[in-house]
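Chemist: Everything in the sequence shown is counted per UniProt numbering, starting at 1 for the first residue and increasing by one.
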Amino acid sequence: MVDTKAKVLIIGATGFIGIYMGDLIDHENLVNVLRQVDMVIATVSGSGIRIVNNEEDIATFTLKAILDAGTENKTLHIRPKENRVSQRDIVTLWEKKIGHTLEKTVVSQVEVAKITQEPPFPNNIPHAVRYSVWVKGSQNFELASNDVEATELYPDVRYKTMSEYLDQFI
1 MVDTKAKVLI IGATGFIGIY MGDLIDHENL VNVLRQVDMV IATVSGSGIR IVNNEEDIAT
61 FTLKAILDAG TENKTLHIRP KENRVSQRDI VTLWEKKIGH TLEKTVVSQV EVAKITQEPP
121 FPNNIPHAVR YSVWVKGSQN FELASNDVEA TELYPDVRYK TMSEYLDQFI
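Structure, rendered in structure tokens:
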């Protein structure tokens, strides 16, 4: 008798690093702009945690999980410790790389909420997602018993850290 039970794997990669850290289509102009930054505007305290992953790393972990019978009927979360970062963490990493401190301005939670509501649906969706993640910390949750974390499951996989990602802009 053939087992007709389907293998189910849900991938929770949280966020593509390229989407949240810059559009690489015009890499040269992005690098030039980043080199000229003197001030950083952060939402609220800048302490909301965001998990970002390099797109190629998401693909690598996904392929490994698909081929792994141990992930059957599990939810795979790709949440490397080095890539659980706040806006403040990213700014601090950048300051270390460029060798000087940037002026910082904080936008209140009320102002961020207003920005989220200004554009009509569906144009407000990217703002709402950023608000949920950076302000409300929606990615700060404990994994459930049926969840597995990719870097713990596959410690041999070398992934790009946020610090390494920022190196391309120097």
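All C-beta atoms in this analysis are idealised placements derived from N, C-alpha and C, irrespective of residue type, glycine included.
Considering only the beta carbon of each residue, do Ile51 and Gln139 sit closer than 7 Å?
Modeler: It is a contact, given that the beta carbons lie within the stated cut-off.
Chemist: What span of residues does the alpha helix (DSSP H) with Thr116 cover, start to end?
Modeler: Per DSSP, Thr116 belongs to the alpha helix (DSSP H) from 109-117.
Chemist: Would you give the residue range spanned by the alpha helix (DSSP H) that His100 belongs to?
Modeler: That residue, His100, is in no alpha helix (DSSP H); it is neither H nor E in DSSP.
Chemist: Under a three-way DSSP split, which group does Asn83 fall into?
Modeler: Correct three-state label for Asn83: helix.
Chemist: How big is the Cα-Cα spacing for Val112 and Tyr131?
Modeler: Computed Cα separation, rounded: 7 Å.
Chemist: Kindly confirm or deny that the segment 138-156 and the segment 85-95 touch, where touching means at least three C-beta pairs closer than 8 Å.
Modeler: Touching, no, given that fewer than three Cβ pairs across the two stretches are closer than 8 Å.
Chemist: Where Glu142 and Asn54 are concerned, what is the direct C-alpha to C-alpha distance, given to the nearest angstrom?
Modeler: The straight-line gap from Cα to Cα measures roughly 22 Å.
Chemist: By DSSP's criteria, Ile51 is part of a beta bridge. Which residues make up the other side?
Modeler: Ile51 pairs with Arg84.
Chemist: Could you compute how far the alpha carbon of Thr161 sits from the alpha carbon of Asn123?
Modeler: Answer to the nearest angstrom: the Cα atoms are 30 Å apart.
Chemist: My understanding is that Ala144 touches Phe61, with C-beta atoms under 8 Å, so please give their C-beta distance in whole angstroms.
Modeler: Contact doesn't hold; Cβ gap of about 19 Å is too wide.
Chemist: With a CB to CB cut of under 6 Å and the five nearest residues on each side skipped, what residues in its chain are close to Tyr159?
Modeler: So the qualifying residues of the chain are Asp57, Pro80.
Chemist: For Glu164 and Trp134, what's the separation of their Cα atoms in angstroms?
Modeler: If you take the alpha carbons of Glu164 and Trp134, they lie about 21 Å apart.
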